[in-house]
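Here's the structure we're looking at; comments come further down.
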Amino acid sequence: MLGIFSGAIVSLPEELVAAGSRTPSPKTTGATLVNKFVQKNPSAVSVQVGDYVQLAYTHHKESPLRPRSFGAKDEIFCLFQGSLDNLGSLKQQYGLAKNVNEVLLVIEAYKTLRDRAPYPANHVVSHLSGDFAFVVFDKSTSTLFVASDQVGKVPLYWGITADGYVAFADDLDLLKGACGKSLASFPQGCFYSTALGGLRSFENPKNKITA
Numbered sequence: 065m066l067g068i069f070s071g072a073i074v075s076l077p078e079e080l081v082a083a084g085s086r087t088p089s090p091k092t093t094g095a096t097l098v099n100k101f102v103q104k105n106p107s108a109v110s111v112q113v114g115d116y117v118q119l120a121y122t123h124h125k126e127s128p129l130r131p132r133s134f135g136a137k138d139e140i141f142c143l144f145q146g147s148l149d150n151l152g153s154l155k156q157q158y159g160l161a162k163n164v165n166e167v168l169l170v171i172e173a174y175k176t177l178r179d180r181a182p183y184p185a186n187h188v189v190s191h192l193s194g195d196f197a198f199v200v201f202d203k204s205t206s207t208l209f210v211a212s213d214q215v216g217k218v219p220l221y222w223g224i225t226a227d228g229y230v231a232f233a234d235d236l237d238l239l240k241g242a243c244g245k246s247l248a249s250f251p252q253g254c255f256y257s258t259a260l261g262g263l264r265s266f267e268n269p270k271n272k273i274t275a
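Note that the sequence shown ends on residue 275 in the working numbering; no numbers are left out.
The following block contains the structure:
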């Protein structure tokens, strides 16, 4: 899966900027990154959301235990990879139909908690049990929310492209070509929220942490 976001949506993470400046390396633009993803992955789906966001995913070579999925509802877009062990109980908690899958569950959880603001953002992820990584973009508020489970079983990386887009993907080699040294693993057990202004851990969401 791949999500890229311009500086109009997300501020460049200082740690990734610093890593890239220490050892300059070749990079490509966000548009080139998306094109490469689509060319590399048969049956890939790419979605442009407004002027500043592109999302893409494919089922090609996915793990049967950690499948990728994409969903959209009420201007909330989500890329999800993995599985939730407590999906059944969460569907009951949020009053959702039995056929709702993980990606729709995350959208509904995000929407419910957003509409109850000010509600702690970590509540979107603190009740999720399983192996997962996801990227949520709320077009109505231009909010980005990204999370990785506490064990880090689902790989997730983030980096900065040549034209200043922040990219998230599960394919390290793909990002290496576009982001050079401005690249790192997304920390496990953490979430990134533009509404909160940075990276936080599930356990101590009030404290901003570094990548």
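All C-beta atoms, glycine included, are put in the ideal place defined by N, C-alpha and C.
Being a predicted model, the structure only gives us computed values, none of them experimental.
Residue environment analysis places D195 among the buried positions, since at least 16 neighbouring C-beta atoms fall within 10 angstroms of its C-beta. Its Cα nearest to that of K100, the residue A120 stands out among V113, A120, G114 and Y116.
Boundaries of the alpha helix (DSSP H) around V189: H187 to S190. For L247, the closest alpha carbon among the candidates A231, G261 and S257 is that of A231. Per the coordinates, the alpha-carbon of S190 lies some 25 Å from the alpha-carbon of S75.
Of P90, A72 and M65, the smallest CA-CA separation from K245 is found for P90. Straight through space, the alpha carbons of G228 and G71 are spaced by roughly 7 Å. Per DSSP, the unbroken alpha helix (DSSP H) holding T176 starts and ends at E166 to D179. Comparing alpha-carbon positions, the option among T225, C254, H187 and A259 lying closest to L80 turns out to be T225. If you look at G253, you'll find it isn't in any beta strand (DSSP E); DSSP assigns it neither H nor E. Taking the CA atoms as reference points, A211 sits about 9 Å from V188. Taking a contact as a CB-CB distance under 8 Å, the pair F266 and F255 counts as one, their CB atoms being some 7 Å apart.
Following the DSSP letters along the chain, one finds L97 inside the alpha helix (DSSP H) bounded by residues G94 to K104. For A242, no beta strand (DSSP E) encloses it; the enclosing alpha helix (DSSP H) starts and ends at L236 to C243. Looking from the CA of A259, the closest CA among D213, L239, T205 and P219 belongs to T205. In the structure shown, L263 adopts extended strand secondary structure according to DSSP, grouped into three states.
Counting the other CB atoms within 10 Å of its CB gives K137 a total below 16, which places it among the exposed residues. By the 16-neighbour rule on beta-carbons within 10 angstroms, P128 is exposed. Taking a contact to require three or more Cβ pairs closer than 8 Å, the region 96 to 111 and the region 156 to 174 do not qualify as touching. Judged by beta-carbon spacing, V98 lies beyond the 9 Å limit of Q145, meaning their Cβ atoms are not closer than that value. Counting only residues of its own chain and dropping the five nearest sequence neighbours on each side, H124 has a CB closer than 8 Å to the CB of N105, P106, S107 and A108.
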